[in-house]
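What follows is a set of notes on a single structure, which appears directly below.
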Amino acid sequence: MSKTTKKVVKQPLAPSTKRTIWITVICVVMAIVLAVSLALVLRQPDVPTDDDGDSDSGSSTLYIKNGDFAYFDDESETFPKSADNWTAYTYKAPDGDDHHFDEITDTEKVVYGVVDTNEDVWADVQKDVADAGVTHTLTNPGIHDEDLDTNVYMFATKQATSASIMSSSFSIGSQTSAKITIWLNTSLLAEGSRATISVQRYSSSNLSAADDDRYAYSFDIEKAEGWKAYELYVFNREAGSRSVICTVGIGNSYTGGEGSGVLFVDDITYETVSANEYRKFVANTDNTTNYGIIGEDDEIAADEYATVTNIDGSQATVITLDEYLALADAQVEGEAYSPFTNNDHFSIYYVTNNGTVKDPVALTLDTWNGQPIVVRSSEDLKDHLHISFWVRVDQNNVTAQGNIMLQSYREGKWQDLTNGSFTAVVTSQEIDTDNNCGWTKYDIYLKPTSAAETTVRVVYALGNANGYPNEGKYTPNGTLYITSPYVEQISASEYSSASSGTYSKKVSLVGDTSSTTVTNGSFSNVSTSNPNQPTNWTPVFAGYNLIYKDGKGNDVIDGLVTNQTAVNGLVVRNNAENNAPFYDDSEQNILKITNNVATAYGYLSSDITLSANTVYAFSVLAKTNSGAKPFFYVVRSGADSRSEAVIGKIEASAGATVANDEQFGMVASSEEGNGWARYYIVIATGDEGMTVRVALFNGSIDGSQKQQGTVYYDYVAMNTLGTYSVDVDEESDKTTRERITFTAAEGYTVFEELTDEEITALAENSNVDIYQPDWEALVEEAMAEDTTEDAEETPAEKQPVDVGLLLSVISSVALVCALLVVLVIRIFRRRNNV
Numbered sequence: 023m024s025k026t027t028k029k030v031v032k033q034p035l036a037p038s039t040k041r042t043i044w045i046t047v048i049c050v051v052m053a054i055v056l057a058v059s060l061a062l063v064l065r066q067p068d069v070p071t072d073d074d075g076d077s078d079s080g081s082s083t084l085y086i087k088n089g090d091f092a093y094f095d096d097e098s099e100t101f102p103k104s105a106d107n108w109t110a111y112t113y114k115a116p117d118g119d120d121h122h123f124d125e126i127t128d129t130e131k132v133v134y135g136v137v138d139t140n141e142d143v144w145a146d147v148q149k150d151v152a153d154a155g156v157t158h159t160l161t162n163p164g165i166h167d168e169d170l171d172t173n174v175y176m177f178a179t180k181q182a183t184s185a186s187i188m189s190s191s192f193s194i195g196s197q198t199s200a201k202i203t204i205w206l207n208t209s210l211l212a213e214g215s216r217a218t219i220s221v222q223r224y225s226s227s228n229l230s231a232a233d234d235d236r237y238a239y240s241f242d243i244e245k246a247e248g249w250k251a252y253e254l255y256v257f258n259r260e261a262g263s264r265s266v267i268c269t270v271g272i273g274n275s276y277t278g279g280e281g282s283g284v285l286f287v288d289d290i291t292y293e294t295v296s297a298n299e300y301r302k303f304v305a306n307t308d309n310t311t312n313y314g315i316i317g318e319d320d321e322i323a324a325d326e327y328a329t330v331t332n333i334d335g336s337q338a339t340v341i342t343l344d345e346y347l348a349l350a351d352a353q354v355e356g357e358a359y360s361p362f363t364n365n366d367h368f369s370i371y372y373v374t375n376n377g378t379v380k381d382p383v384a385l386t387l388d389t390w391n392g393q394p395i396v397v398r399s400s401e402d403l404k405d406h407l408h409i410s411f412w413v414r415v416d417q418n419n420v421t422a423q424g425n426i427m428l429q430s431y432r433e434g435k436w437q438d439l440t441n442g443s444f445t446a447v448v449t450s451q452e453i454d455t456d457n458n459c460g461w462t463k464y465d466i467y468l469k470p471t472s473a474a475e476t477t478v479r480v481v482y483a484l485g486n487a488n489g490y491p492n493e494g495k496y497t498p499n500g501t502l503y504i505t506s507p508y509v510e511q512i513s514a515s516e517y518s519s520a521s522s523g524t525y526s527k528k529v530s531l532v533g534d535t536s537s538t539t540v541t542n543g544s545f546s547n548v549s550t551s552n553p554n555q556p557t558n559w560t561p562v563f564a565g566y567n568l569i570y571k572d573g574k575g576n577d578v579i580d581g582l583v584t585n586q587t588a589v590n591g592l593v594v595r596n597n598a599e600n601n602a603p604f605y606d607d608s609e610q611n612i613l614k615i616t617n618n619v620a621t622a623y624g625y626l627s628s629d630i631t632l633s634a635n636t637v638y639a640f641s642v643l644a645k646t647n648s649g650a651k652p653f654f655y656v657v658r659s660g661a662d663s664r665s666e667a668v669i670g671k672i673e674a675s676a677g678a679t680v681a682n683d684e685q686f687g688m689v690a691s692s693e694e695g696n697g698w699a700r701y702y703i704v705i706a707t708g709d710e711g712m713t714v715r716v717a718l719f720n721g722s723i724d725g726s727q728k729q730q731g732t733v734y735y736d737y738v739a740m741n742t743l744g745t746y747s748v749d750v751d752e753e754s755d756k757t758t759r760e761r762i763t764f765t766a767a768e769g770y771t772v773f774e775e776l777t778d779e780e781i782t783a784l785a786e787n788s789n790v791d792i793y794q795p796d797w798e799a800l801v802e803e804a805m806a807e808d809t810t811e812d813a814e815e816t817p818a819e820k821q822p823v824d825v826g827l828l829l830s831v832i833s834s835v836a837l838v839c840a841l842l843v844v845l846v847i848r849i850f851r852r853r854n855n856v
């Protein structure tokens with residue numbers, strides 16, 4: 023059977039079908055266009071985020087920022103361009119002891135900034151310099167052999183002047199030697215003019231031009247051909263890093279010496295070098311550039327250093343610096359290494375153990391100026407001590423380690439002060455590669471106690487300071503070297519600013535000081551700038567604005583004497599008058615306020631924050647003489663009036679009835695001693711917190727009561743007695759006071775049991791004042807707040823829609839769609855008619 027195949031012939035689409043397809047496609051496309059358009063119109067705009075980033079195209083990564091002058095203000099139309107990270111200064115005459123600089127803000131005397139030495143643009147530079155009023159012939163200095171770009175910094179004078187640029191600050195680490203290299207081209211300096219370079223101390227406020235703040239410098243750089251590199255060496259021997267700046271200029275901005283001509287500067291760089299390289303630079307008499315040691319080592323005479331002995335009291339082995347350099351221990355392949363120079367006037371002591379000596383191998387520093395080293399307080403606070411020395415341990419076995427022990431003499435024997443000791447000291451053995459050639463500097467700072475004198479010593483031991491048992495196998499084999507220790511008195515402010523770390527210890531001999539919640543409430547801390555004044559307390563006369571902080575100025579009070587000579591407020595240290603109360607910290611400092619005439623004067627504490635719905639007890643110990651009475655206040659900030667600002671007060675109440683101190687968590691009055699009494703102000707805050715200050719006065723705070731004589735204060739404290747809550751149950755038939763529930767803090771549960779009558783009786787004691795809110799109003803407000811419905815949530819803010827734009831988009835899309843449909847229909851009708 024044969025299979026017949028039927029051929030299918032594809033028929034063309036009817037014109038009406040084609041028209042329908044076209045119209046459908048047009049509608050779909052228009053719908054998509056409409057959807058995209060609506061999405062764009064209705065889309066919430068992106069909220070730009072704050073961006074504090076630097077908008078500059080870049081910034082210098084060099085250690086001395088922009089030392090190659092690659093970055094400058096390219097958008098400025100001025101000529102030359104201002105270099106980033108550099109500021110121009112000129113000489114300013116000293117004003118007494120103050121000696122600073124004046125910033126240069128115009129080109130009246132000198133044209134300065136970054137110029138391009140590229141030959142393609144040098145003619146433009148010459149023209150711009152001439153147009154700026156410079157008459158000197160300007161030849162292209164080119165660049166030095168090591169330069170990577172064509173930018174240089176230029177000073178071109180119009181008249182003789184001093185002009186320098188100063189870098190942004192950079193730091194030199196502790197015990198670090200640094201070399202700062204500065205490239206100069208002085209070929210266009212006028213005859214007799216000089217260029218200057220320096221490294222000096224940095225200050226964030228006002229740069230100093232004083233000699234003491236300048237570390238390394240050269241003030242006599244003469245005219246020479248071509249580019250030349252000048253080097254400044256600085257050695258930081260201090261316990262902490264030091265921030266410095268680099269300066270370079272024409273003339274001398276330190277002394278006022280003027281120069282003229284043109285100076286080019288380029289590529290100012292920083293490099294850490296070994297102290298040995300610094301030493302060799304200093305020793306080279308051909309070097310005319312001044313070098314600098316940060317620290318005062320080079321200013322100390324030989325006889326100002328302390329001497330040490332062997333621990334058994336015998337004379338120690340001592341050598342000179344030159345003798346040390348001749349030792350095999352100080353050399354590598356015949357070359358000597360040391361961080362010390364001929365300007366160091368100390369000697370070197372050492373002890374050695376060959377691994378067989380069991381007795382202590384140690385040196386001792388126990389005298390200063392021929393006397394035992396005693397740390398004692400004084401009224402001027404120039405009573406802190408600083409002990410410094412260098413140490414090196416040359417090891418032949420691992421137990422050859424140094425132990426530097428600070429000890430005090432207590433209870434008939436020497437005892438370690440571990441917080442001032444350095445144990446298991448191992449210095450670098452690679453003296454040829456170590457920055458300080460195997461030596462390490464150590465510093466000990468001592469703060470005295472007011473309560474006693476402390477005798478101290480320093481033991482430098484190779485290995486165990488107490489020696490080793492006879493059967494011990496691990497005795498050290500090596501040598502311990504130390505430089506002559508330097509002992510000096512320093513001020514309290516110098517102690518405070520000293521660094522503490524691995525190689526530096528700050529040791530406070532002060533015992534326990536009271537933590538009373540009122541900052542420095544025991545007056546144990548005194549000001550480092552004013553030795554007789556307590557920190558965190560401010561002296562003030564009655565009625566002064568400082569009391570109230572309301573901006574209303576000082577009250578004018580009839581008869582109030584406000585001369586400082588009329589009063590004397592100070593911290594009495596050392597319990598010198600045997601006036602301290604028994605209940606005090608180990609410092610036993612007290613505040614003494616004396617009015618030489620009848621006036622009103624006192625001290626304000628720093629701000630104290632009180633929480634809402636909390637009960638506090640403020641207290642102070644007071645004692646008087648010459649008929650004076652204590653005046654004790656708690657003052658609130660932000661009060662509507664000055665009378666309302668004083669929320670708690672006890673005035674002229676000495677010698678009257680007193681409350682039981684034990685209720686307030688204090689010792690009983692009978693134990694306070696020396697005629698002291700304690701006074702209390704109880705503060706119950708309302709439904710909001712507050713900021714208060716304690717005021718201790720001799721005379722009243724408003725000046726209405728003036729008195730003459732002395733009032734002593736001590737141990738100002740604030741204790742939190744507890745908190746309270748308010749019962750807001752509307753169904754309850756409790757009275758207003760019954761709705762207040764007090765929850766005592768730990769140790770104050772006695773107050774939970776006090777009745778209204780007992781609280782009233784407590785307030786009747788002359789040494790107690792109680793401040794409490796209007797309980798009825800407080801309860802009513804709390805209950806009203808409880809019945810108020812929570813406020814409706816604020817709906818998220820929506821971006822407004824531009825309705826006009828929305829309708830315009832819709833109508834435009836619809837119109838285009840309609841026109842296209844009409845066009846398709848007309849085309850197909852025309853085809854059908856053909």
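Everything in the sequence shown is counted per this note's numbering, starting at 23 for the first residue and increasing by one.
Where is the CB? At the ideal position from N, CA and C, for every residue including glycine.
Source: prediction; values computed, not measured.
Whether alanine 152 touches serine 209 by CB criterion (8 Å): Position 130 of the sequence shown, counting from 1, holds the residue named residue 152. Position 187 of the sequence shown, counting from 1, holds the residue named residue 209. Remark: C-beta atoms of alanine 152 and serine 209 do not approach each other more closely than 8 Å.
With 16 other Cβ atoms within 10 Å as the buried cut-off, status of serine 722: Taking the sequence shown and counting its residues from 1, the one referred to as residue 722 is at position 700. Counting of Cβ neighbours within 10 angstroms places serine 722 among the buried residues, the total reaching 16 or more.
Glycine 573 classed as buried or exposed, judged by whether at least 16 other C-beta atoms fall within 10 angstroms: Taking the sequence shown and counting its residues from 1, one reaches residue 573 at position 551. Answer is exposed; the Cβ neighbour count stays below 16.
Pick from Asn173, Pro507, Trp390 that is closest to glutamate 141, judged by C-alpha positions: For the purposes of this step, residue 141 is identified with residue 119 of the sequence shown, where counting begins at 1. Checked all of Asn173, Pro507, Trp390; the closest Cα to glutamate 141 is Asn173.
Inter-stretch contact at 8 Å, needing at least 3 Cβ pairs: the segment 272-280 / the segment 215-230: As far as the Cβ criterion goes, the segment 272-280 touches the segment 215-230, which means the pair count is three or higher.
Three-state secondary structure (DSSP) of phenylalanine 303: The count along the sequence shown starts at 1 and reaches residue 303 at position 281. In the structure shown, the three-state DSSP call for phenylalanine 303 is helix.
Host alpha helix (DSSP H) of aspartate 119 (start-end): Locating residue 119 in the sequence shown gives position 97, counting from the first residue. Annotation: aspartate 119 is outside any alpha helix (DSSP H) and is labelled neither H nor E by DSSP.
Cα-Cα separation between tyrosine 517 and lysine 528, rounded to whole angstroms: Along the sequence shown, one-based indexing puts residue 517 at 495. Along the sequence shown, one-based indexing puts residue 528 at 506. A straight-line Cα-Cα distance of about 8 Å links tyrosine 517 and lysine 528.
Cβ pair isoleucine 453, tyrosine 371 closer than 8 Å: Counting from one through the sequence shown, the residue named residue 453 turns up at place 431. Counting from one through the sequence shown, the residue named residue 371 turns up at place 349. Not a contact, by the Cβ cut-off of 8 Å.
Same chain, Cβ closer than 8 Å to glycine 377, five either side skipped, listed in chain order: Stepping through the sequence shown from its first residue, residue 377 is reached at position 355. Result list for glycine 377: Asn418, Asn419, Thr497, Pro498, Asn499, in chain order.
As assigned by DSSP and simplified to three states, the class of tryptophan 698: Within the sequence shown, the letter at position 676 stands for residue 698. Coil at tryptophan 698, not helix or strand.
Cβ-based burial, proline 756 [other Cβ within 10 Å; buried from 16]: As a first step, residue 756 is located in the sequence shown; it is residue number 734 there, counting from the start. Correcting the residue identity first, residue 756 is lysine in this sequence and not proline. Exposed, by the Cβ-count rule.
CB of serine 506 within 8 Å of CB of alanine 650, strictly: Counting from 1 along the sequence shown, the entry for residue 506 is found at position 484. Counting from 1 along the sequence shown, the entry for residue 650 is found at position 628. Taking 8 Å as the cut-off, the beta carbon of serine 506 is found no closer than this to the beta carbon of alanine 650.
Proximity winner among Asn611, Gln511, Ala699, Gly725, relative to leucine 582 (alpha-carbon distances): Your numbering for residue 582 matches position 560 in the sequence shown. Selected option, being the one with the closest Cα: Gly725.
Rounded straight-line distance, which links the Cα of serine 104 to that of threonine 71: Sequence index remark: in the sequence shown, residue 71 carries index 49 (1-based). Sequence index remark: in the sequence shown, residue 104 carries index 82 (1-based). Only weak support exists for where threonine 71 lies, its pLDDT of 38 falling under 50; the value from the coordinates is given anyway. A direct Cα-to-Cα measurement between threonine 71 and serine 104 gives close to 31 Å.
Own chain residues within Cβ distance below 6 Å of tyrosine 93, not counting five before or after: Looking up residue 93 in the sequence shown gives position 71. Sequence-distant partners of tyrosine 93 (beyond 5 residues in either direction) whose C-beta falls short of 6 Å from its own C-beta, in its chain, are Ser82, Asp106.
CB contact flag (valine 266, glutamine 222, <8 Å): If you number the sequence shown from 1, residue 266 lands on position 244. If you number the sequence shown from 1, residue 222 lands on position 200. Taking 8 Å as the cut-off, the Cβ atoms of valine 266 and glutamine 222 count as close.
Limits of the unbroken alpha helix (DSSP H) element including arginine 259: The residue labelled residue 259 in the question sits at position 237 within the sequence shown. Premise fails: arginine 259 is in no alpha helix (DSSP H) and is neither H nor E.
Inside the segment 314-355 only - beta strand (DSSP E) runs reaching at least 3 residues: As for any beta strand (DSSP E) of minimum length 3 sitting wholly inside the segment 314-355, the runs are 314-316, 339-341, ordered along the chain.
Cβ-based burial, proline 491 [other Cβ within 10 Å; buried from 16]: By one-based count along the sequence shown, residue 491 stands at place 469. By the Cβ neighbour-count rule, proline 491 is exposed, with fewer than 16 other Cβ atoms within 10 Å of its own.
The segment 445-459 contacting the segment 293-304, beta-carbon criterion three pairs below 8 Å: Touching, yes, given that three or more Cβ pairs across the two stretches are closer than 8 Å.
Outcome for arginine 715 when other beta-carbon atoms lying within 10 angstroms are tallied against a minimum of 16: By 1-based counting over the sequence shown, the position of residue 715 is 693. By the 10 Å Cβ count, arginine 715 comes out buried.
Reference aspartate 709; option with closest CA among Ser754, Arg759, Phe764, Ala634: Here residue 709 refers to the residue found at position 687 of the sequence shown. Checking every option, the nearest Cα to that of aspartate 709 belongs to Ala634.
CB contact flag (lysine 87, serine 189, <8 Å): The residue given as residue 87 occupies position 65 in the sequence shown. The residue given as residue 189 occupies position 167 in the sequence shown. Cβ atoms of lysine 87 and serine 189: closer than 8 Å.
Three-state secondary structure (DSSP) of tyrosine 623: Within the sequence shown, numbered from 1, the residue matching residue 623 stands at position 601. Residue state, collapsed to three classes: strand.
Stretch-stretch touch, CB-based, cutoff 8 Å, three pairs: the segment 541-548 with the segment 734-742: The segment 541-548 is in contact with the segment 734-742.
Span of the alpha helix (DSSP H) around isoleucine 569: By 1-based counting over the sequence shown, the position of residue 569 is 547. Residues 567-570.
Pairwise C-alpha distance: threonine 449 and aspartate 416: Counted from its first residue, the sequence shown places residue 416 at position 394. Counted from its first residue, the sequence shown places residue 449 at position 427. Aspartate 416 and threonine 449: Cα-Cα distance of roughly 8 Å.
Proximity of phenylalanine 123 and alanine 231 at Cβ, strictly below 8 Å: Indexing the sequence shown from 1 puts residue 123 at position 101. Indexing the sequence shown from 1 puts residue 231 at position 209. Yes, they are a contact pair.
Inter-residue Cα distance where the pair is aspartate 812 and asparagine 547: Within the sequence shown, numbered from 1, the residue matching residue 812 stands at position 790. Within the sequence shown, numbered from 1, the residue matching residue 547 stands at position 525. Confidence at aspartate 812 is low in this model, with a pLDDT of 44, below 50, so the placement of that residue should be treated as unreliable; the coordinate-derived value is given next. Distance between the alpha carbons of aspartate 812 and asparagine 547 is about 50 Å.
Beta strand (DSSP E) runs contained entirely in the segment 724-757, provided each spans 3 or more residues: Contiguous beta strand (DSSP E) elements confined to the segment 724-757 occur at 729-748, taking only those with 3 or more residues.
Between the CA atoms of tyrosine 292 and threonine 331 - distance to the nearest angstrom: The residue labelled residue 331 in the question sits at position 309 within the sequence shown. The residue labelled residue 292 in the question sits at position 270 within the sequence shown. The straight-line gap from Cα to Cα measures roughly 42 Å.
Sub-8 Å separation of isoleucine 395 and threonine 389 beta-carbons: Residue mapping note: residue 395 aligns to position 373 of the sequence shown, counting from 1. Residue mapping note: residue 389 aligns to position 367 of the sequence shown, counting from 1. Yes; because the gap between Cβ atoms is below 8 Å, this pair is in contact.
Cβ contact (3+ pairs, closer than 8 Å) linking the segment 560-577 and the segment 614-624: Yes, the segment 560-577 is in contact with the segment 614-624.
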